[in-house]
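Novice:
There are 2 protein chains.
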Amino acid sequence: MTTQLPGPASGTRPDDARRHNRAALVRRLHVDGPCTRATLAGELGLNRSTIKAVVDGLAAAGIVTEAIPTRRSGAGRPSLLVVPDPQAAVVLTVDVRVDQVAMAMVGIGGQILGRHSWNLHRSTRLPGEVITHVAESAQLLRDELAVTEQAVGVSVPGVVRRDDGLVREAPNLGWRDVELGTRLAAVLGRPVQVANDAEAGALAEHLRGAGRDVADMVYLAGDVGVGGGVISAGAPLRGTGGYVGELGHMIVRPDGRDCFCGASGCWETEVGEPALGRALGLPEDTPRGVLVAELRALAADPDRAERQLAGFAGWMGIGLITVVNMLAPGLVVLGDLFGALPPTVLDRVRADVERRSLVSRAVGGTPVVVSPLGRDGALIGAAELAFEPVLEAL
Amino acid sequence: MTTQLPGPASGTRPDDARRHNRAALVRRLHVDGPCTRATLAGELGLNRSTIKAVVDGLAAAGIVTEAIPTRRSGAGRPSLLVVPDPQAAVVLTVDVRVDQVAMAMVGIGGQILGRHSWNLHRSTRLPGEVITHVAESAQLLRDELAVTEQAVGVSVPGVVRRDDGLVREAPNLGWRDVELGTRLAAVLGRPVQVANDAEAGALAEHLRGAGRDVADMVYLAGDVGVGGGVISAGAPLRGTGGYVGELGHMIVRPDGRDCFCGASGCWETEVGEPALGRALGLPEDTPRGVLVAELRALAADPDRAERQLAGFAGWMGIGLITVVNMLAPGLVVLGDLFGALPPTVLDRVRADVERRSLVSRAVGGTPVVVSPLGRDGALIGAAELAFEPVLEAL
Numbered sequence: 038m039t040t041q042l043p044g045p046a047s048g049t050r051p052d053d054a055r056r057h058n059r060a061a062l063v064r065r066l067h068v069d070g071p072c073t074r075a076t077l078a079g080e081l082g083l084n085r086s087t088i089k090a091v092v093d094g095l096a097a098a099g100i101v102t103e104a105i106p107t108r109r110s111g112a113g114r115p116s117l118l119v120v121p122d123p124q125a126a127v128v129l130t131v132d133v134r135v136d137q138v139a140m141a142m143v144g145i146g147g148q149i150l151g152r153h154s155w156n157l158h159r160s161t162r163l164p165g166e167v168i169t170h171v172a173e174s175a176q177l178l179r180d181e182l183a184v185t186e187q188a189v190g191v192s193v194p195g196v197v198r199r200d201d202g203l204v205r206e207a208p209n210l211g212w213r214d215v216e217l218g219t220r221l222a223a224v225l226g227r228p229v230q231v232a233n234d235a236e237a238g239a240l241a242e243h244l245r246g247a248g249r250d251v252a253d254m255v256y257l258a259g260d261v262g263v264g265g266g267v268i269s270a271g272a273p274l275r276g277t278g279g280y281v282g283e284l285g286h287m288i289v290r291p292d293g294r295d296c297f298c299g300a301s302g303c304w305e306t307e308v309g310e311p312a313l314g315r316a317l318g319l320p321e322d323t324p325r326g327v328l329v330a331e332l333r334a335l336a337a338d339p340d341r342a343e344r345q346l347a348g349f350a351g352w353m354g355i356g357l358i359t360v361v362n363m364l365a366p367g368l369v370v371l372g373d374l375f376g377a378l379p380p381t382v383l384d385r386v387r388a389d390v391e392r393r394s395l396v397s398r399a400v401g402g403t404p405v406v407v408s409p410l411g412r413d414g415a416l417i418g419a420a421e422l423a424f425e426p427v428l429e430a431l
Numbered sequence: 038m039t040t041q042l043p044g045p046a047s048g049t050r051p052d053d054a055r056r057h058n059r060a061a062l063v064r065r066l067h068v069d070g071p072c073t074r075a076t077l078a079g080e081l082g083l084n085r086s087t088i089k090a091v092v093d094g095l096a097a098a099g100i101v102t103e104a105i106p107t108r109r110s111g112a113g114r115p116s117l118l119v120v121p122d123p124q125a126a127v128v129l130t131v132d133v134r135v136d137q138v139a140m141a142m143v144g145i146g147g148q149i150l151g152r153h154s155w156n157l158h159r160s161t162r163l164p165g166e167v168i169t170h171v172a173e174s175a176q177l178l179r180d181e182l183a184v185t186e187q188a189v190g191v192s193v194p195g196v197v198r199r200d201d202g203l204v205r206e207a208p209n210l211g212w213r214d215v216e217l218g219t220r221l222a223a224v225l226g227r228p229v230q231v232a233n234d235a236e237a238g239a240l241a242e243h244l245r246g247a248g249r250d251v252a253d254m255v256y257l258a259g260d261v262g263v264g265g266g267v268i269s270a271g272a273p274l275r276g277t278g279g280y281v282g283e284l285g286h287m288i289v290r291p292d293g294r295d296c297f298c299g300a301s302g303c304w305e306t307e308v309g310e311p312a313l314g315r316a317l318g319l320p321e322d323t324p325r326g327v328l329v330a331e332l333r334a335l336a337a338d339p340d341r342a343e344r345q346l347a348g349f350a351g352w353m354g355i356g357l358i359t360v361v362n363m364l365a366p367g368l369v370v371l372g373d374l375f376g377a378l379p380p381t382v383l384d385r386v387r388a389d390v391e392r393r394s395l396v397s398r399a400v401g402g403t404p405v406v407v408s409p410l411g412r413d414g415a416l417i418g419a420a421e422l423a424f425e426p427v428l429e430a431l
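Protein chains in written order, with the working numbering: chain X, 38 to 431; chain D, 38 to 431.
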């Protein structure tokens, strides 16, 4: 029940207060970008002298500089902007996908300083292979960019125990009970956060994508598997042991196909990549590129798109209605293949949700939008997970 | 994004610290009962002198007394117990059900000081009728118990906007867009919190029922409608505008019966009271008492129970698998009619979840238990919602 008690009693000593204000200010600059001291005072509810003390401290430590805004607003002397130095804190982010591993060094403010990626196939998909390649690529990035990461965030398409980064099941990678967090931390010598890719994607949309300023949102991504991440009251929704939900495994069609997970008729079996292939009259193992090209072609022919994807859209709608009714989000963001669906098909899905979800009606309509981050979502989100403790300690 | 910032910077002034510690201590006593100063110091992470100051202050205000424990543990002088006075803060709680309204005055510690209830039927179910009857009954309870409530909590079987207590849709009451919170506050002259009955039930299980010490849990209640409440990281899960999810309206059978909500094949249409009646070979409008009696009879004949409720158990399992996969709870608590199902049927449902939910497998098995609070759940939970601000201000 301790979780029900108001915040930590320790948060009352003056030095804690300073640390607290400093962390809040750095986080504000990291998430929302440079702004004036006056803006910081207003947003953080602190007086100008406190802001001055914190900003001066950060400037002395080389974490921020104060600069004259390039575009002057109104007349008179422009007030200085507090600008974080991207290199003052750097994290390494790794997005392990079914077909590829993408990595990047990310600085304060979310600036991507450099990237590296390689393709995965059966033989290079073994955990040990991936860990070694990540370590080698990390060193290349450090040398090339002359930076060193302070922490590491990893996104994985599977069931992950956040507490220690154990990957329980990542069926599409063929992984089971892989101690990814512990093993990567040992190899890289840095703290490592491992998260489910949809949790990372949801965090990215919330901090830097379509969900900025939306406290309660759901991110749904269609890939080989279907994942979903939930942001509730501004923070990622996690369950017991730090596991997050597997929205792709709600049962929408009990008499449907068997799912690898042991159930049948999971949403994933009706709207995942193989299902999309079937709907398009293509083999279930059609390469992603071909699927996306076919979807683009369909987008140019709305009538054909609606005809051909009517069934697929129906299952999309059923899944979205269940998600909206269960979680009452203020926004639903569609990523990956879902974001590539023809506009007419997405409109059909939106109409279903509007018409048939009592919660959507109650909240005055639940918007369903396409992710502006595209495939970078999980990569950006994993970086933010790594940044959390780093910014606290700056 | 403010929700992402660490707690309020204002929590740093000394008087705030005192208030904070006092509220934390009162809440600890309210939720977990009397204990020694040493226990309080350990649990709240405060030193003994701080605890002494706070306890002395509360004693002087007549909110707590220090008493010699009745059962002495070990040898030597027993340490005094800090005991809250139930009447030091009293709330009124109201549980509006489809067939009945139950009310109670509740004191600190969750002690029910007195109750009152009456049955509802079509003519007395009008919002104005209910509000008037609640006001009259509240006065009777005040006079009878010689107490005055400081706040009011109300549980309603419907879609509720927590922010202002607007009841959007309560189909089984025939209510739509009823400003229950505002109207009751005006009549009673007290702050009123209105919540969905399943949210209240979940809070009750978390604070005083099967979910004590479980930070992430789901409460599912079978009534005329089916409701679910979620506790995440120790707090009720709410969506946009303070709405909570409607777990009874996940779509489990797209080709199933039409639901009042506008969708078809909602979980509610397969496991709600009418569906249970059908499964038992009784009319859909069979009175609840008859259903419960029939379930008791079935419990005595396990083979017949399994035969007759096999289909019903199947739909229970499908709904539970979806809930467990989506939310990864550490515990599922079944209330109302779900709690009255024969043990063999519940075992069948548990086996389904264990075998077919990948999240249950990942977390090492998700326990499914019957609520120990029975029909009082929502009443107790609504009281706790009313207590939250009251305890903060003591």
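We put the CB at the ideal spot given by N, CA and C, even for glycine. This one's a predicted model, so the numbers in the text were calculated from it and none came from an experiment.
#1: For His243 (chain D), which three-state DSSP category applies?
#2: For Asn362 (chain X), go through chain D and note every residue whose CB falls closer than 7 Å to its CB, in chain order.
#3: When DSSP labels each residue in this structure, what does Met363 (chain X) get in the three-state scheme?
#4: Just the Cα atoms here: how many angstroms apart are Ser86 (chain X) and Arg74 (chain X)?
#5: Determine the burial state of Pro320 (chain X): buried for a count of at least 16 other Cβ atoms within 10 Å of its Cβ, exposed for fewer.
#6: Please tell me whether Thr76 (chain D) has its Cβ less than 9 Å away from any Cβ of chain X.
#7: For Gly79 (chain X) and Leu274 (chain X), what's the separation of their Cα atoms in angstroms?
#8: Are the Cβ atoms of Ala300 (chain D) and Arg387 (chain X) separated by less than 9 Å?
#9: Skipping 5 residues on each side, what residues in its chain have a beta carbon closer than 6 Å to that of Pro106 (chain X)?
#10: Hey, is the stretch 231–240 of chain X in contact with the stretch 192–207 of chain X, meaning 3+ C-beta pairs nearer than 8 Å?
#11: Report the partner residues of Gly151 (chain X) according to the DSSP bridge assignment.
#12: Would you say Glu343 (chain D) faces chain X, with C-beta separation under 9 Å as the test?
#13: Output, in sequence order along the chain, the residues in the stretch 184–208 of chain D whose CB is closer than 8 Å to any CB in chain X.
#14: If you run the structure through DSSP and keep just helix, strand and coil, what is Arg74 (chain D)?
#15: Considering only the alpha carbon of each residue, which of D:Met254, D:Val120 and D:Val396 lies closest to Gly271 (chain D)?
#16: If you reduce the DSSP assignment to three classes, tell me which class Ile358 (chain X) lands in.
#17: Under 9 Å, Cβ to Cβ, is there at least one residue of chain D near Asp253 (chain X)?
#18: Among residues of its own chain, excluding the 5 on either side of Glu216 (chain D), which ones have a beta-carbon nearer than 6 Å to its beta-carbon?
#19: For a quick check, are the C-beta atoms of Leu431 (chain X) and Arg65 (chain X) less than 9 Å apart?
#20: Identify, in the order they occur along the chain, each residue of the same chain with its Cβ nearer than 6 Å to the Cβ of Val327 (chain X), setting aside the five sequence neighbours on each side.
#21: According to DSSP, which residues form a beta bridge with Thr130 (chain X)?
#22: Pull up the distance between the alpha-carbon of Glu425 (chain X) and that of Arg227 (chain D), whole angstroms please.
#23: Quick check: the Cα distance between Ala172 (chain X) and Leu364 (chain D), rounded to an integer number of angstroms?
#24: Please list the residues of the stretch 288–314 of chain D that have a C-beta atom closer than 7 Å to any C-beta atom in chain X, keeping them in chain order.
#25: If contacts are defined as beta-carbon pairs under 8 Å, then Gly144 (chain X) and Gln176 (chain X) qualify, I think. What distance do you get, rounded to the angstrom?
#26: Taking the CB atoms as reference points, tell me whether Pro208 (chain D) and Val289 (chain X) lie closer together than 9 Å.
#27: Going straight from the alpha carbon of Arg56 (chain X) to that of Ala97 (chain X), what length do you get?
#28: Let me make sure I understand the geometry here. Which of X:Leu335, X:Ala235 and X:Met353 has the alpha-carbon closest to that of Gln345 (chain X)?
#29: Taking the Cβ atom as the reference point for each residue, do Leu240 (chain X) and Gly418 (chain X) lie within a distance shorter than 9 Å?
#30: Give a yes or no on whether the minimum CB-CB distance between Leu274 (chain D) and chain X is below 9 Å.
#31: With a threshold of 9 Å between beta-carbons, can Ala160 (chain X) be considered close to chain D, or not?
#32: Using a Cβ-Cβ cut-off of 8 Å (strictly less than) and excluding sequence neighbours within five positions of Val261 (chain X), which residues of its own chain qualify?
#33: Just tell me which of D:Gln137, D:Thr277 and D:Val263 has its CA closest to the CA of Gly285 (chain D).
#34: Any Cβ of chain D within less than 9 Å of the Cβ of Pro366 (chain X)?
#35: Please report how far the alpha carbon of Thr403 (chain D) lies from the alpha carbon of Gly165 (chain D), in whole angstroms.
#36: Between the C-alpha atoms of Gly266 (chain D) and His243 (chain D), what's the straight-line distance to the nearest angstrom?
Specialist: Judging by the given coordinates:
#1: Translated into the one-based positions of the second sequence, residue 243 (chain D) becomes position 206. When secondary structure is reduced to three states using DSSP, His243 (chain D) falls in the helix class.
#2: Locating residue 362 (chain X) in the first sequence gives position 325, where the first residue counts as 1. Within 7 Å Cβ-Cβ: Gly282, Glu283, His286 and Met287.
#3: Here residue 363 (chain X) refers to the residue found at position 326 when the first sequence is read from its first residue. Residue state, collapsed to three classes: helix.
#4: On the first sequence, residue 86 (chain X) is found 49 positions in, with the first residue counted as 1. On the first sequence, residue 74 (chain X) is found 37 positions in, with the first residue counted as 1. Ser86 (chain X) and Arg74 (chain X) have their C-alpha atoms some 10 Å from each other.
#5: Here residue 320 (chain X) refers to the residue found at position 283 when the first sequence is read from its first residue. Here Pro320 (chain X) is exposed. Its C-beta has fewer than 16 other C-beta atoms within 10 Å.
#6: Locating residue 76 (chain D) in the second sequence gives position 39, where the first residue counts as 1. Chain X, which has no Cβ nearer than 9 Å to the Cβ of Thr76 (chain D), makes this no.
#7: By one-based count along the first sequence, residue 79 (chain X) stands at place 42. By one-based count along the first sequence, residue 274 (chain X) stands at place 237. Approximately 29 Å, taken between the alpha carbons.
#8: Mapped onto the second sequence, residue 300 (chain D) falls at position 263. Mapped onto the first sequence, residue 387 (chain X) falls at position 350. Contact check for Ala300 (chain D) against Arg387 (chain X) fails: the beta carbons are separated by 9 Å or more.
#9: Position 69 of the first sequence, counting from 1, holds the residue named residue 106 (chain X). Within its own chain, the residues whose Cβ lies closer than 6 Å to the Cβ of Pro106 (chain X), once the five positions on either side in sequence are excluded, are Pro115 and Leu118, listed in chain order.
#10: Yes, since at least three Cβ pairs between the stretch 231–240 of chain X and the stretch 192–207 of chain X fall closer than 8 Å, the two stretches touch.
#11: Against the first sequence, residue 151 (chain X) aligns to sequence position 114. Looking at the DSSP output, Gly151 (chain X) sits in a beta bridge with X:Met142.
#12: By one-based count along the second sequence, residue 343 (chain D) stands at place 306. Residue contact with chain X for Glu343 (chain D): absent (no Cβ-Cβ distance below 9 Å to any residue of chain X).
#13: Using a CB distance below 8 Å, the part of the stretch 184–208 of chain D facing chain X consists of Val196, Arg198, Arg205 and Glu206, ordered along the chain.
#14: Here residue 74 (chain D) refers to the residue found at position 37 of the second sequence. In this structure, Arg74 (chain D) counts as helix in the three-state DSSP scheme.
#15: In the second sequence, the residue the question calls residue 271 (chain D) occupies position 234. Nearest of D:Met254, D:Val120 and D:Val396 to Gly271 (chain D), Cα basis: D:Met254.
#16: As a first step, residue 358 (chain X) must be located in the first sequence, where it is residue number 321. Note: Ile358 (chain X) maps to helix in three-state DSSP.
#17: Here residue 253 (chain X) refers to the residue found at position 216 when the first sequence is read from its first residue. Contact of Asp253 (chain X) with chain D is assigned, a C-beta pair being separated by under 9 Å.
#18: Taking the first residue of the second sequence as position 1, residue 216 (chain D) is located at position 179. If you ignore the 5 residues before and after Glu216 (chain D), its C-beta comes within less than 6 Å of the C-beta of Leu203, all in its own chain and listed in chain order.
#19: As a first step, residue 431 (chain X) is located in the first sequence; it is residue number 394 there, counting from the start. As a first step, residue 65 (chain X) is located in the first sequence; it is residue number 28 there, counting from the start. In this structure, Leu431 (chain X) keeps its C-beta atom at 9 Å or more from the C-beta atom of Arg65 (chain X).
#20: Counted from its first residue, the first sequence places residue 327 (chain X) at position 290. No residues qualify anywhere along the chain.
#21: Your numbering for residue 130 (chain X) matches position 93 in the first sequence. DSSP output for Thr130 (chain X) lists X:Ala141 and X:Gly190 as bridge partner(s).
#22: Residue 425 (chain X) sits at position 388 when you count from the first residue of the first sequence. Residue 227 (chain D) sits at position 190 when you count from the first residue of the second sequence. For Glu425 (chain X) and Arg227 (chain D), the gap between their C-alpha atoms comes out near 41 Å.
#23: As a working mapping, residue 172 (chain X) is identified with position 135 in the first sequence. As a working mapping, residue 364 (chain D) is identified with position 327 in the second sequence. About 33 Å.
#24: For the stretch 288–314 of chain D, the residues whose beta carbon sits under 7 Å from a beta carbon of chain X are, in order, Ile288, Val289, Arg290, Pro291, Cys298, Gly299 and Ala300.
#25: The residue labelled residue 144 (chain X) in the question sits at position 107 within the first sequence. The residue labelled residue 176 (chain X) in the question sits at position 139 within the first sequence. A Cβ-Cβ separation of about 18 Å leaves Gly144 (chain X) out of contact with Gln176 (chain X) under the 8 Å criterion.
#26: Along the second sequence, one-based indexing puts residue 208 (chain D) at 171. Along the first sequence, one-based indexing puts residue 289 (chain X) at 252. Using a Cβ distance threshold of 9 Å, Pro208 (chain D) and Val289 (chain X) do not count as a contacting pair.
#27: As a first step, residue 56 (chain X) is located in the first sequence; it is residue number 19 there, counting from the start. As a first step, residue 97 (chain X) is located in the first sequence; it is residue number 60 there, counting from the start. Each residue's Cα considered, the two are about 15 Å apart.
#28: Here residue 345 (chain X) corresponds to residue number 308 of the first sequence, with the count starting at 1. The residue with the shortest Cα to Cα distance from Gln345 (chain X) is X:Leu335.
#29: Along the first sequence, read from residue 1 onward, the residue named residue 240 (chain X) stands at position 203. Along the first sequence, read from residue 1 onward, the residue named residue 418 (chain X) stands at position 381. In this structure, Leu240 (chain X) sits near Gly418 (chain X), with a CB-CB distance shorter than 9 Å.
#30: Stepping through the second sequence from its first residue, residue 274 (chain D) is reached at position 237. Answer yes: the Cβ-Cβ gap between Leu274 (chain D) and chain X drops below 9 Å somewhere.
#31: Counting from one through the first sequence, the residue named residue 160 (chain X) turns up at place 123. In the sequence under discussion, the amino acid at residue 160 (chain X) is Ser, which differs from the Ala named in the question. It does not; no Cβ of chain D falls within 9 Å.
#32: As a first step, residue 261 (chain X) must be located in the first sequence, where it is residue number 224. If we look at Val261 (chain X) and ignore the five residues flanking it on each side, its Cβ neighbours are Val135, Pro194, Asn209, Gly309, Glu310 and Pro311.
#33: By 1-based counting over the second sequence, the position of residue 285 (chain D) is 248. Looking only at D:Gln137, D:Thr277 and D:Val263, the smallest Cα-Cα distance to Gly285 (chain D) is reached by D:Val263.
#34: Reading the first sequence from its first residue, position 329 is the one you call residue 366 (chain X). Yes, Pro366 (chain X) counts as interfacial toward chain D.
#35: Counting from one through the second sequence, the residue named residue 403 (chain D) turns up at place 366. Counting from one through the second sequence, the residue named residue 165 (chain D) turns up at place 128. In a straight line, the C-alpha of Thr403 (chain D) is about 43 Å away from that of Gly165 (chain D).
#36: Position 229 of the second sequence, counting from 1, holds the residue named residue 266 (chain D). Position 206 of the second sequence, counting from 1, holds the residue named residue 243 (chain D). Their backbone Cα atoms lie some 11 Å apart in a straight line.
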